[in-house]
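Notes to accompany the following structure.
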Amino acid sequence: MNSNTMTVSVLFFARLRESLGTGELQLTVPSATTVDGLLTILTEKGGPWSQLKGGAPVMIAVNQTMTTTSTLLQDQDEVALFPPVTGG
Amino acid sequence: MNSNTMTVSVLFFARLRESLGTGELQLTVPSATTVDGLLTILTEKGGPWSQLKGGAPVMIAVNQTMTTTSTLLQDQDEVALFPPVTGG
Amino acid sequence: MVIIQTDDFDTTHEYALLRQTGPGTGAIVTFTGLVRDRGDCNDVEGLYLEHYPGMTERVIQGLIDQAAQRWSILDARVIHRVGALALSDQIVYVGICSAHRSDGFAACQFIMDALKTTAPFWKKEITREGGHWVEQKASDQQRTEHWLDQAPD
Amino acid sequence: MVIIQTDDFDTTHEYALLRQTGPGTGAIVTFTGLVRDRGDCNDVEGLYLEHYPGMTERVIQGLIDQAAQRWSILDARVIHRVGALALSDQIVYVGICSAHRSDGFAACQFIMDALKTTAPFWKKEITREGGHWVEQKASDQQRTEHWLDQAPD
Numbered sequence: 001m002n003s004n005t006m007t008v009s010v011l012f013f014a015r016l017r018e019s020l021g022t023g024e025l026q027l028t029v030p031s032a033t034t035v036d037g038l039l040t041i042l043t044e045k046g047g048p049w050s051q052l053k054g055g056a057p058v059m060i061a062v063n064q065t066m067t068t069t070s071t072l073l074q075d076q077d078e079v080a081l082f083p084p085v086t087g088g
Numbered sequence: 089m090n091s092n093t094m095t096v097s098v099l100f101f102a103r104l105r106e107s108l109g110t111g112e113l114q115l116t117v118p119s120a121t122t123v124d125g126l127l128t129i130l131t132e133k134g135g136p137w138s139q140l141k142g143g144a145p146v147m148i149a150v151n152q153t154m155t156t157t158s159t160l161l162q163d164q165d166e167v168a169l170f171p172p173v174t175g176g
Numbered sequence: 177m178v179i180i181q182t183d184d185f186d187t188t189h190e191y192a193l194l195r196q197t198g199p200g201t202g203a204i205v206t207f208t209g210l211v212r213d214r215g216d217c218n219d220v221e222g223l224y225l226e227h228y229p230g231m232t233e234r235v236i237q238g239l240i241d242q243a244a245q246r247w248s249i250l251d252a253r254v255i256h257r258v259g260a261l262a263l264s265d266q267i268v269y270v271g272i273c274s275a276h277r278s279d280g281f282a283a284c285q286f287i288m289d290a291l292k293t294t295a296p297f298w299k300k301e302i303t304r305e306g307g308h309w310v311e312q313k314a315s316d317q318q319r320t321e322h323w324l325d326q327a328p329d
Numbered sequence: 330m331v332i333i334q335t336d337d338f339d340t341t342h343e344y345a346l347l348r349q350t351g352p353g354t355g356a357i358v359t360f361t362g363l364v365r366d367r368g369d370c371n372d373v374e375g376l377y378l379e380h381y382p383g384m385t386e387r388v389i390q391g392l393i394d395q396a397a398q399r400w401s402i403l404d405a406r407v408i409h410r411v412g413a414l415a416l417s418d419q420i421v422y423v424g425i426c427s428a429h430r431s432d433g434f435a436a437c438q439f440i441m442d443a444l445k446t447t448a449p450f451w452k453k454e455i456t457r458e459g460g461h462w463v464e465q466k467a468s469d470q471q472r473t474e475h476w477l478d479q480a481p482d
């Protein structure tokens with residue numbers, strides 16, 4: 001990592017975790033990447049990853065707060081991607 | 089009692105019971121007396137009884153069902169007079 | 177099930193009975209009313225509750241029947257105490273079980289609101305100065321009317 | 330107080346804690362959610378509940394804070410279970426105490442409605458055929474939006 005990149009952790013839950021076959025990734029991405037940019041990077045992995053854009057709705061939390069795709073990420077951010085919640 | 093009269097019991101509760109000094113009366117009244125007629129007969133006793141007409145609101149139940157002053161009474165009816173309820 | 181009693185009641189027992197309704201139950205909503213230190217008076221030490229035996233049970237059963245017609249509920253249990261009650265004592269319990277929570281909340285709140293204005297109970301607040309018969313509140317009357325205004329859900 | 334746990338919870342214990350709030354408490358409203366036999370599937374034998382540790386507690390504490398700003402409540406306790414649950418098991422508990430019943434009912438129902446659509450839990454229904462991730466319901470979304478539309482009482 002250098003000053004032009006940053007590291008974020010990406011968490012997946014529930015149906016998304018199962019279909020992607022992973023619950024957590026550490027990713028090094030360009031500085032000033034948005035959530036939308038991160039989703040583009042992930043969909044480029046192909047296969048089940050393409051569902052992250054244009055598939056079933058994906059909820060986004062950054063550092064445990066719900067947010068939208070336009071959010072600018074910071075180094076060490078925790079990004080979580082998950083289906084609409086169904087507790088209670 | 090003859091066919092021109094009937095007997096009703098009249099119950100009083102809470103503040104009304106206390107201020108009238110009784111919880112129950114048996115009254116022989118003319119046949120075809122309404123609740124309103126019964127209230128007139130009772131107010132004629134004077135003193136605290138006059139509060140039954142024109143005083144604080146008095147709720148009326150006949151045979152344990154809420155009703156109004158125009159109800160025609162039947163022999164053996166149970167009439168209850170009480171202040172607005174405050175349970176719960 | 178409507179119970180009027182002078183004894184205290186056990187919410188644990190009531191809840192256990194509500195849970196026995198079967199596997200279709202998804203929601204249990206309960207309300208318990210307690211003797212509060214501030215009512216009409218500000219230094220309430222206890223209550224005395226009078227009621228009209230017979231009519232009380234009929235009115236409350238009627239409210240349960242109305243609730244069961246309006247909402248989809250699986251069971252309803254109402255207990256109301258009468259007689260002398262101390263500060264923080266339990267006064268009234270309404271427990272509802274239903275498949276869905278919205279029916280349970282609506283039925284529980286409807287029964288409590290309508291009980292307050294239609295069930296023949298009278299509450300006397302006991303303070304150091306003596307007893308005071310509680311006045312019915314306009315807000316309670318409005319809450320009951322609010323249910324009449326609403327179209328069934 | 331927010332508790333997320335795999336173990337069952339004891340509503341008797343929670344109710345006892347709510348009763349300790351003091352002599353200003355006039356109303357205790359509780360909601361318990363149970364595993365029902367009919368959900369998205371009609372022959373549910375159990376559930377598996379996944380959550381996002383850390384965020385779950387923050388979201389629910391935020392809902393309690395919002396409820397406390399909007400209504401006059403004295404205490405709120407929320408427990409949500411995660412992991413494997415059997416038919417009729419307790420899933421979630423919301424207990425509120427307040428001086429007046431209308432605040433307790435509103436806060437309890439608001440917290441449950443908003444928890445359903447904002448707290449990061451995911452429910453998988455277990456049937457004889459396997460597991461099925463439950464879909465969020467439009468009706469749940471609407472119930473949460475309904476609270477946003479309402480001016481505070």
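Protein chains in written order, with my numbering: chain G, 1 to 88; chain Y, 89 to 176; chain V, 177 to 329; chain X, 330 to 482. Note that the Cβ used here is the ideal one computed from N, Cα and C, for glycine as well.
For residue i, three-class secondary structure by DSSP
i	result
Ala-120 (chain Y)	coil
His-409 (chain X)	strand
Met-66 (chain G)	strand
His-461 (chain X)	strand
Lys-299 (chain V)	strand
Ser-264 (chain V)	coil
Phe-360 (chain X)	strand
Gly-271 (chain V)	strand
Val-235 (chain V)	helix
Thr-197 (chain V)	coil
Glu-132 (chain Y)	coil
Asp-241 (chain V)	helix
Asp-329 (chain V)	In this prediction, Asp-329 (chain V) has a pLDDT of 48, which is less than 50 and means its spatial position is unreliable; what the coordinates show is noted afterwards. Of the three classes helix, strand and coil, the one that applies to Asp-329 (chain V) here is coil, per DSSP.
Ala-144 (chain Y)	coil
Glu-190 (chain V)	helix
Glu-474 (chain X)	helix
Ile-249 (chain V)	coil
Phe-100 (chain Y)	strand
Met-94 (chain Y)	strand
Gly-222 (chain V)	strand
Gln-334 (chain X)	strand
Residue-chain proximity (residue i, chain G), Cβ-Cβ < 9 angstroms
i	result
Gln-465 (chain X)	yes
Asp-394 (chain X)	no
Thr-335 (chain X)	no
Gly-383 (chain X)	yes
Leu-378 (chain X)	yes
Asp-482 (chain X)	With a pLDDT of 48 at Asp-482 (chain X), under the threshold of 50, the predicted position of this residue should be treated as unreliable, though the coordinate-derived value follows. No, its Cβ sits nowhere closer than 9 angstroms to a Cβ of chain G.
Neighbourhood of residue i by C-beta, 6 angstroms cutoff - its chain only, sequence neighbours within 5 removed
i	result
Thr-293 (chain V)	Asp-316, Gln-317, Thr-320
Val-205 (chain V)	Ile-272, Gly-280, Phe-281, Cys-284
Ala-295 (chain V)	Thr-232, Val-235, Ile-236
Ile-402 (chain X)	Ile-425, Ser-427, Asp-432, Ala-436
Thr-396 (chain X)	Reading off the sequence, residue 396 (chain X) comes out as Ala, not Thr. Cβ neighbours of Ala-396 (chain X) beyond the five flanking positions: Ala-436, Phe-439, Ile-440.
Min CB distance residue i to chain Y below 9 angstroms
i	result
Val-268 (chain V)	yes
His-256 (chain V)	yes
Chain V residues whose Cβ lies nearer than 8 angstroms to that of residue i
i	result
Thr-456 (chain X)	Correct list: empty, because the minimum Cβ distance to chain V is about 13 angstroms.
Interface residues of chain X facing residue i [CB-CB closer than 9 angstroms]
i	result
Ser-264 (chain V)	Arg-348, Gly-351, Pro-352, Thr-354
7 angstroms Cβ shell around residue i - same chain, five flanking residues per side excluded
i	result
Asp-75 (chain G)	Met-6, Thr-7
Cys-370 (chain X)	Glu-454, Thr-456, His-461
Glu-18 (chain G)	none
Close Cβ partners of residue i (< 8 angstroms) along its chain, the five nearest in sequence each way excluded
i	result
Phe-185 (chain V)	Ile-179, Ile-255, Arg-257, Gln-266, Tyr-269
Gln-390 (chain X)	Val-331
Thr-156 (chain Y)	Val-123, Ile-148
Beta carbon proximity, residue i to chain V, threshold 9 angstroms
i	result
Thr-157 (chain Y)	no
Ser-431 (chain X)	yes
Thr-153 (chain Y)	yes
Met-330 (chain X)	no
Ala-120 (chain Y)	no
Interface partners of residue i on chain V, CB under 9 angstroms
i	result
Ala-486 (chain X)	As shown, chain X starts at 330 and ends at 482. That puts residue 486 (chain X) outside it, with no answer to give.
Test: residue i CB closer than 9 angstroms to a CB of chain X
i	result
Ile-204 (chain V)	yes
Phe-82 (chain G)	yes
Gly-209 (chain V)	yes
Arg-319 (chain V)	yes
Under 7 angstroms from the C-beta of residue i: neighbouring residues of chain V
i	result
Tyr-344 (chain X)	Thr-187
Under 7 angstroms by beta carbon: chain X residues contacting residue i
i	result
Asp-219 (chain V)	Within 7 angstroms Cβ-Cβ: nothing; Asp-219 (chain V) doesn't reach chain X, min ~10 angstroms.
Closer than 8 angstroms at the beta carbon, the chain X residues around residue i
i	result
Arg-336 (chain V)	Nothing can be reported for residue 336 (chain V), as the shown portion of chain V is limited to 177 through 329.
Under 8 angstroms from the C-beta of residue i: neighbouring residues of chain Y
i	result
Phe-297 (chain V)	Val-173, Thr-174, Gly-175, Gly-176
Beta-carbon neighbours of residue i, restricted to chain Y and to distances below 7 angstroms
i	result
Leu-291 (chain V)	Gly-175, Gly-176
Arg-234 (chain V)	Gln-152
Interface residues of chain C facing residue i [CB-CB closer than 9 angstroms]
i	result
Phe-13 (chain G)	Absent here is chain C; the protein component of the structure consists of chains G, Y, V and X.
Interface residues of chain G facing residue i [CB-CB closer than 9 angstroms]
i	result
Trp-462 (chain X)	Ala-14, Arg-15, Glu-18, Pro-83, Thr-86
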